[in-house]
Amino acid sequence: MAGANDLIIRIGGEGGEGIISAGDMIAQAAVRSGLEILTFKTFPAEIRGGYAMYQIRFSHEKILSEGSGFDVMCCFNQEALDVNGKSFTDGTVLIYDYPGGDIAEEQDIPGVYCYAVPMSKIAKEDLGTYRSKNMVALGAISELFSISMDSLRATIESKFGKKGADVVEINFKALDAGKNHIRENIDKKDPFKMDPGKPQEDVIVISGNEAVGLGALLAKCRFFSAYPITPATEIANFLSRHIPKFNGTLVQAEDEIASLANVIGASYGGAKSMTATSGPGVSLMQELIGMATMMEVPVVIADVQRGGPSTGLPTKHEQSDLFLAAHGCHGDGSKVVISPEGVEDCIYLTVEAFNVAEKYQVPVLLLSDGSLGFRTSSIKKPDPSKINIVERDKYDPASGDGGYKRYKLTESGVSPMSAPGQPGGNYISTGLEHAESSAPNYTPENHVAMLDKRFHKLDNIEDFFPATEFDEEEGATVGVIAWGSTIGTAREAVKIARAEGSKVAALYPKLVWPVPKKALERFSSKYEKILIPEINKQGQLAKIIASETDIKPISYTIYGGLPFTPRMIADKIKEVI
Ligand code: COA
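Following the numbering used here, the numbering of the sequence shown begins with 1 at its first residue and continues without gaps.
Here's what the structure looks like:
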């Protein structure tokens, strides 16, 4: 809830009413006035209809998560009131479409500041276009909480400019109509307002998905192939605009299988290559992930997780592909799975995904998720000169004594990789088991030697990968281990629990397969109870950690398609203590 200049505004209504655009515009306006933002949106799989929600958290401080609940709820319809009404607390502000919308009664809720704004009526009757209802709401919100109208006008211009000057004009009018309605009819009693922050230099506002695309470009990815799937498509959209500027290539394939086949081919040819998909796409890619493992070809697969299994909840949030990412593909396939916590991390962990893929010549799965992929945050513009890029161990034609062994058994397990056409560097790249020379070979000794090689090369990955972050606490008996976007929520929950008198430590692994054994064992040797909150039914990381270490974690799972709130994890910490 609101702290010093920490405000959470949620907008809810029917998909198609422009909830998402309205939220995006408030977010952009807030950044222009120097505020930190973190957004969360959820909407139905349909193009129209169903409940859509957009939430923006503003602050003058760095924001770690979506927060617990909201301070202001703007309801475009009765459904939004029904869905969110149970979360109203003392001091909540309710802005609602009344009279003239589908909310039948005037709202008078004890402890809640209720502001009726006839947004549908104003849009339809005064402005003649229902479409601009969301801008009426925006004008009201801007007036109530001192969000800059100039910034909002600038965002209307940039977002709707391509729809024509008349659309921009009508939306400016709607914005003013909403503002004037508040000025003329509402006596503001709530304490909330957003004081402008200090405008920050070098700040960019991007989504988690766009950050993955940006990280790929910074890692020198020059080939991308994918098939559209919610909630991952925005990565392809971003790269389709930008990869050509770096002389890179993007191919939209006929399906996910072809996408990964394209990526493997491009990497075999020497290009850093990537695909992006969601759970259903990773399921289709399993055979080719096995092939990339067998061929020891570096590939990066971004999996923006959604509610599963099968078609599941395409636009909802889950962290439920870890078993698939770690243990998928038949046979013993060596691969690496890493998972970013926030938008900024999506940039740098995508760079690390390429560094790992190229150094160890393995498939790397980068597990983002629906809440993170769609989230927009204001982050520091990355400085390419500070980014460490790892290149693959390349075959040197000058060393070619004519006996190039693509799969030479080396000390590290990694063997130099040639590119097609290099003199003396030709080899057979095949999914068949093969000898050091790359010729197919099925002898028992060879299969053992090659399987050992493909696993041995990852033996020290924990030392190569950025160190797992500890948040120690003297005297604590409970430690929290969180992964993926749940880390941000866990950070905030630990802060709340400590502020309320609990002693608790935390560990935030980004490398989730192979598990960072040394960090896990060091952590569990200090804290007797290990709590693992994650968003899936089976407690997937908890089970993987229990199978790979002596830790017996306490698994805390939710799987309703929404993220944890810090309050939920803080309460669980106290319960475990
Ligand atoms: N004036 C003019 N146009 C406006 C407007 C205004 N005041 N407010 C919004 N719009 C436009 C938006 O620009 C957008 O147009 P676009 O589609 O050309 O970009 C459109 O109206 C929808 O508005 P938006 O705010 O983006 O979304 P919404 O809140 O109305 O919800 C969605 C609609 C997002 C739910 C729907 O578009 C969608 O994406 N559904 C999910 C599809 C999906 O991923 N399914 C899963 C398949 S597996």
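Heads up, the beta-carbon is just placed ideally off N, CA and C, and yes, glycines get one too.
- Query: Can you tell me where the alpha helix (DSSP H) with D166 in it begins and where it stops?
  - Reply: That run of the alpha helix (DSSP H) goes 165-185.
- Can you give me the Cβ contacts of E436 inside the same chain, cut-off strictly under 7 Å, excluding the 5 residues immediately before and after it? Once the five neighbours on either side are set aside, the close Cβ partners of E436 are K405, Y407, K408, L409.
- Determine whether the Cβ of K220 lies closer than 7 Å to any Cβ atom of chain D. No chain D is part of this structure, which consists of one protein chain only.
- At a cut-off of 6 Å, is S278 close to the ligand COA when judged by its beta-carbon and the heavy atoms of the ligand? It does not: the Cβ of S278 is nowhere closer than 6 Å to a heavy atom of the ligand COA.
- Query: Considering only C-alpha positions, which residue in the set F40, S142, G197, G128 is nearest to E169?
  - Reply: Checking every option, the nearest Cα to that of E169 belongs to G128.
- How about T230: is its Cβ closer than 6 Å to a heavy atom in the ligand COA? Checking the Cβ of T230 against the ligand COA gives yes.
- Query: Just reading off the beta strand (DSSP E) that A211 is part of, what are its end residues?
  - Reply: Unbroken run through A211 is the alpha helix (DSSP H), 208-218; no beta strand (DSSP E).
- Would you check whether the ligand COA has a heavy atom nearer than 6 Å to the C-beta of M274? With a threshold of 6 Å, the Cβ atom of M274 does not count as near the ligand COA, since no heavy atom of the ligand is closer than that.
- Under a three-way DSSP split, which group does M1 fall into? With a pLDDT of 45 at M1, under the threshold of 50, the predicted position of this residue should be treated as unreliable, though the coordinate-derived value follows. Coil, per DSSP.
- Any chance the CB of G91 is under 6 Å from a heavy atom of the ligand COA? False, no ligand heavy atom lies under 6 Å from that Cβ.
- Who are the Cβ neighbours of K220 in its own chain at under 7 Å, not counting the five residues just before and after it? Closer than 7 Å at Cβ, skipping near neighbours: K272, I389.
- Query: By Cβ distance below 8 Å, which residues in the same chain neighbour G69 in space, the five residues on each side in sequence not counted?
  - Reply: Hits under 8 Å: M1, I8, S87, T89, T565, R567.
- Query: Out of curiosity, what's the CA-to-CA distance linking P423 and V364?
  - Reply: Near 29 Å, if we compare the C-alpha coordinates of V364 and P423.
- Inter-residue spacing [alpha-carbon to alpha-carbon] between G370 and D345: So the alpha carbons of these two residues sit roughly 15 Å apart.
- Message: Considering only heavy atoms of the ligand COA, does any lie closer than 6 Å to the CB of A45?
- Response: Correct: A45 has its Cβ closer than 6 Å to the ligand COA.
- With a threshold of 16 other CB atoms inside 10 Å of the CB of K381, please say whether the residue is buried or exposed. Burial is judged here by how many other beta carbons sit within 10 angstroms of a residue's own beta carbon; K381 has fewer than 16 and is exposed.
- Query: With contact counted as at least three CB pairs below 8 Å, one residue from each stretch, are the stretch 24-41 and the stretch 53-67 in contact?
  - Reply: Segment contact: the stretch 24-41 against the stretch 53-67, three or more CB-CB distances shorter than 8 Å; contact assigned.
- Going by DSSP, which residues form a beta bridge with G13? Beta-bridge pairing links G13 to A52.
- Query: With a Cβ-Cβ cutoff of 7 Å, do G561 and G373 count as a contact?
  - Reply: Going by C-beta atoms, G561 is not nearer than 7 Å to G373.
- Query: Should Y556 and K572 be called a contact, given that it needs their Cβ atoms to be closer than 7 Å?
  - Reply: Yes, these two residues count as a Cβ contact at 7 Å.
- Query: Taking all protein chains shown into account, do 16 or more other C-beta atoms lie within 10 angstroms of the C-beta of Q200, making it buried, or fewer, making it exposed?
  - Reply: In the assembly as shown, Q200 is an exposed residue. Its beta-carbon has fewer than 16 other beta-carbons within 10 Å.
- Query: If R222 sits next to G248, beta carbons under 8 Å apart, how far is it from one beta carbon to the other, in whole angstroms?
  - Reply: Rounded, the Cβ-Cβ distance is 4 Å, consistent with contact.
- Out of curiosity, what's the CA-to-CA distance linking F323 and V512? When only Cα atoms are considered, F323 and V512 end up about 11 Å apart.
- Would you call G161 buried or exposed, if buried means 16 or more other Cβ atoms sit within 10 Å of its Cβ? So G161 counts as exposed.
- Task: Using only alpha-carbon positions, find the residue among G539, F523, I569, I535 that is nearest to D550.
- Result: Among G539, F523, I569, I535, the Cα nearest to that of D550 belongs to F523.
- Query: Should I586 be listed as close to the ligand COA, given that the test is whether its C-beta is under 6 Å from any heavy atom?
  - Reply: Outside the modelled stretch of the chain, which goes from 1 to 577, sits residue 586, for which no answer is possible.
- Burial state of Y130, where buried means 16 or more other Cβ atoms lie within 10 Å: Y130 counts as exposed, since fewer than 16 other beta carbons sit within 10 angstroms of its beta carbon.
- Task: Locate the beta strand (DSSP E) running through Q361, then write down its first and last residues.
- Result: It is not in any beta strand (DSSP E) - Q361 carries neither H nor E in the DSSP assignment.
- Task: State the start and end residues of the unbroken beta strand (DSSP E) segment that holds K529.
- Result: From DSSP, the beta strand (DSSP E) with K529 extends over 529-534.
- Message: Give me the residue from M194, Q361, I229 with the minimum Cα distance to T315.
- Response: Among M194, Q361, I229, the Cα nearest to that of T315 is on I229.
- Message: Judging by CA-CA distance, which residue of Y395, F76, M294, D71 is the nearest neighbour of A22?
- Response: Cα-wise, what sits closest to A22 is F76.
- Any alpha helix (DSSP H) of 4 or more consecutive residues that is wholly inside the stretch 82-135: Complete alpha helix (DSSP H) runs here, min 4: none at all.
- Query: Would V448 be called buried (16 or more neighbouring beta carbons within 10 Å of its own) or exposed?
  - Reply: V448 is classed as exposed because its beta carbon has fewer than 16 other beta carbons within 10 Å across all chains shown.
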